[in-house]
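Okay, so here's the structure we're looking at.
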Amino acid sequence: MSPGNLICDLDGVVYLGSRPIPGSARALTDLTAAGWNILMCTNNSTRSPTEVAERIHDVTGYRARPESILTSAQAAAFMLAPTKPRCFVLGGEGIVDALTAADIPVVGSAGDAEAVVVGLTTDLTYSWLREAVTAVFNGARLIATNLDSTYPTETGLWPGGGAIVAAVETATGVKAEPAGKPWPPMRELVAKYLVPGPVWIAGDRPDTDLALAEGTDWKTALVLSGVTSASVKVETAPDLVAPDLATVGRFLLERGNEEERL
Ligand SMILES: [Mg+2]
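Letter by letter, the sequence shown follows residues 1211 to 1472 of the working numbering.
Have a look at this one:
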């Protein structure tokens, strides 16, 4: 039997931009060796799970299985899978990949769209934004992969997927239905990949990563290696506050050993 599940955020937990966070790869390797079911859960919708796995390996050296990676693009596809509407994408290739993998048709113009899926893209243009807005005016559902206002990079905070969603919302007066953390589609998607045993979430953002645990008995670990510093006030106290994932890993492994002795 697995000692448990760890739902792990990436940016600010495993790496910071293209820099590894010291000890994160070792922690993931040790937990994997001990039988922990590790799921990498990211609100970044720009890359496919295979590309995310490559990035984790390139930056940290840890080999994550693409099947263990869940992105907000996949959460959006999961949300739309029952109805499979024709989707216009205002966002990165990761969204197109996720929709296609779920057999959801992707269309190239507003006229054909039954839903608009918005996420982060660094190639945003006015005409692309206008097409998305037109589709929503024509009655298409407005779906957001995530509502993160910013996107952390080594050169500082860039506008996040939420900033692009806000542009469509402002133009149309329509509120987007969000899919990623901390919203129910991502929670339901993650739940499908859990094995019996305790569930821990490790993340650097209380309002998205840790709030995913709302309404569940999942335990939360706030790590201070990303956007949150020790001085910040959080609404719901995490079960664990740790400087980094390495510390969370040691805590979970020691806890497992203690339970084995009981
Ligand atoms: Mg993060």
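Even for Gly, the Cβ is constructed at its ideal location relative to N, Cα and C.
Taking 8 Å as the cut-off, the Cβ atoms of A1312 and F1298 do not count as close. Between M1250 and P1395, the CB-CB gap reaches or exceeds 8 Å. By the Cβ-count criterion, P1232 is exposed, with fewer than 16 other Cβ atoms from all chains shown falling within 10 Å of its own Cβ. T1355 carries a coil assignment under DSSP once its states are collapsed to helix, strand and coil. Within a 10 Å sphere around the beta-carbon of N1215 sit 16 or more other beta-carbons, which makes this residue buried. Judged by DSSP secondary structure, G1304 falls outside any beta strand (DSSP E) and instead within the alpha helix (DSSP H) spanning 1303–1311. Within the same chain, Cβ atoms closer than 6 Å to the Cβ of P1392 are found at T1418, A1421, L1422, the five residues on either side in sequence being excluded. Residue pairing for K1385: DSSP places it in no beta bridge. Bridge pairing for F1347: absent [DSSP]. Inter-residue distance for T1332 and T1256 is about 9 Å (C-alpha atoms, whole angstroms). When the Cα atoms are used, G1271 and A1235 turn out to be separated by approximately 7 Å.
By the CB criterion at 8 Å, L1357 and N1254 fall outside the cutoff. Distances between the C-beta of R1415 and the heavy atoms of ligand 1 include at least one below 7 Å.
Per the coordinates, the alpha-carbon of T1382 lies some 11 Å from the alpha-carbon of L1339.
In this structure, the beta-carbon distance from A1286 to I1374 does not fall below 8 Å. In this chain, the alpha helix (DSSP H) harbouring M1289 covers 1282–1290. Here D1414 is not near G1227, since their CB atoms are 8 Å or more apart. Rounded to whole angstroms, E1398 and W1368 show a C-alpha spacing of 29 Å.
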